[in-house]
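Inspection log for the structure reproduced underneath, given as structure tokens.
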Amino acid sequence: MIESDPSPIEEHDRRVELAKSGFAWLMYALNLRNAAKQIRSKVEDGGYTLALGELIGAEVDEYADLSFRMLGPMLMLYGMSVECLLKARHVALNPDFDPLAERGKWWNAHDLRDLANKTGCPLHTFNKEALDTLDELSLAIQKGRYPIHSRDPRVGFRWGLFSEDVLDNIFTTLIVEVTCIVVPGSPAADIAEKSG
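Per my numbering, the sequence shown runs over residues 1409 to 1604.
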């Protein structure tokens, strides 16, 4: 028997179920972060440095140009990963919340600090450098897709504003917290319980 396409109602119900799945948001967050890390690894393995992206606007060689072209998408993916982690946290803690009923308006800001506040993420655990990194990643979500951004008159990206340690700390904090919420009993939840 050949299965028919789902009806519009069945399709909507499947979309709602997926949109309300903290686990689905967590998996997408990890996929986006892994993609960003792959880009970073390829750039560094090729002998290119991400800091060369700051040279945009100056006459640059092909290596600098390649670094810049890869830097925007990499930062955008990191930012989108944080965004998905915050959404995973929110939908897992608020089972009655329906992102589709909001028609995406609630989710479209891409302002990670604002989204963290809306989702109840404990921002007090982040220092100023981490909060500044969230702000830069918010801009990177837009600037990784478009040549200009209305909120940031700067051209290009400033990798020098990012500390690998701060970025790793943001991800470690959010991934452990979200995993504990979304997948109780996971190794991350066990580690958090033992250390907390």
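A virtual CB, placed ideally from N, CA and C, is assigned to each residue, including glycine.
To the nearest angstrom, report how far apart V1590 and D1540 are at their CA atoms.
Near 27 angstroms, if we compare the C-alpha coordinates of D1540 and V1590.
Cα separation between P1481 and L1501?
Taking the straight line joining both Cα atoms gives about 30 angstroms.
Our contact map puts L1483 next to G1552 with C-beta atoms below 8 angstroms; I'd like the distance itself, whole angstroms only.
The pair is a contact, with the Cβ atoms about 6 angstroms apart (cut-off 8 angstroms).
Reducing DSSP to helix, strand and coil, say where L1582 ends up.
Reduced to three states, the DSSP call for L1582 is helix.
Buried or exposed, going by whether 16 or more other CB atoms sit within 10 Å of the CB of R1497?
Looking at its Cβ environment, which holds 16 or more other Cβ atoms inside 10 Å, R1497 is buried.
Is DSSP giving H1420 helix, strand or coil here?
Here H1420 sits in helix by DSSP.
Going straight from the alpha carbon of L1460 to that of D1453, what length do you get?
Annotation note: pLDDT 44 at L1460 (below 50); position unreliable, no value reported.
Whose C-alpha, out of V1586, S1546, A1432, is nearest the C-alpha of D1522?
Out of V1586, S1546, A1432, S1546 has the C-alpha closest to the C-alpha of D1522.
I need the straight-line Cα distance from D1605 to K1495, nearest angstrom please.
Any answer about residue 1605 is impossible in this case: the structure gives the chain only from 1409 up to 1604.
In the structure shown, what three-state DSSP assignment does E1425 receive?
Reduced to three states, the DSSP call for E1425 is helix.
For A1509, does the count of other Cβ atoms within 10 angstroms reach 16, so buried, or fall short, so exposed?
By the 10 Å Cβ count, A1509 comes out exposed.
At which residues does the alpha helix (DSSP H) containing R1632 begin and terminate?
Absent from the structure is residue 1632, since the part of the chain shown begins at 1409 and ends at 1604.
Rounded to whole angstroms, what's the CA-CA distance from D1421 to L1479? Just pull it up for me.
Distance between the alpha carbons of D1421 and L1479 is about 38 angstroms.
Should S1449 and F1579 be called a contact, given that it needs their Cβ atoms to be closer than 9 angstroms?
Going by C-beta atoms, S1449 is not nearer than 9 angstroms to F1579.
Identify whether V1591 lies in helix, strand or coil by the three-state DSSP scheme.
Coil.
Use the C-beta contact count for Y1554: other C-beta atoms within 10 angstroms, 16 or more gives buried, fewer gives exposed.
By the 10 Å Cβ count, Y1554 comes out exposed.
Report all residues from its chain with a CB closer than 8 angstroms to the CB of I1447; omit the five preceding and five following residues, and keep chain order.
Hits under 8 angstroms: M1478, P1481, M1482, L1485.
Rounded to whole angstroms, what is the Cα-Cα separation between N1442 and Y1436?
N1442 and Y1436: Cα-Cα distance of roughly 10 angstroms.
In angstroms, rounded to a whole number, what distance separates the CA positions of C1588 and L1434?
Using only the alpha carbons, I get a separation of about 11 angstroms.
Tell me the DSSP secondary structure of V1574 in three-state form.
Three-state result, V1574: helix.
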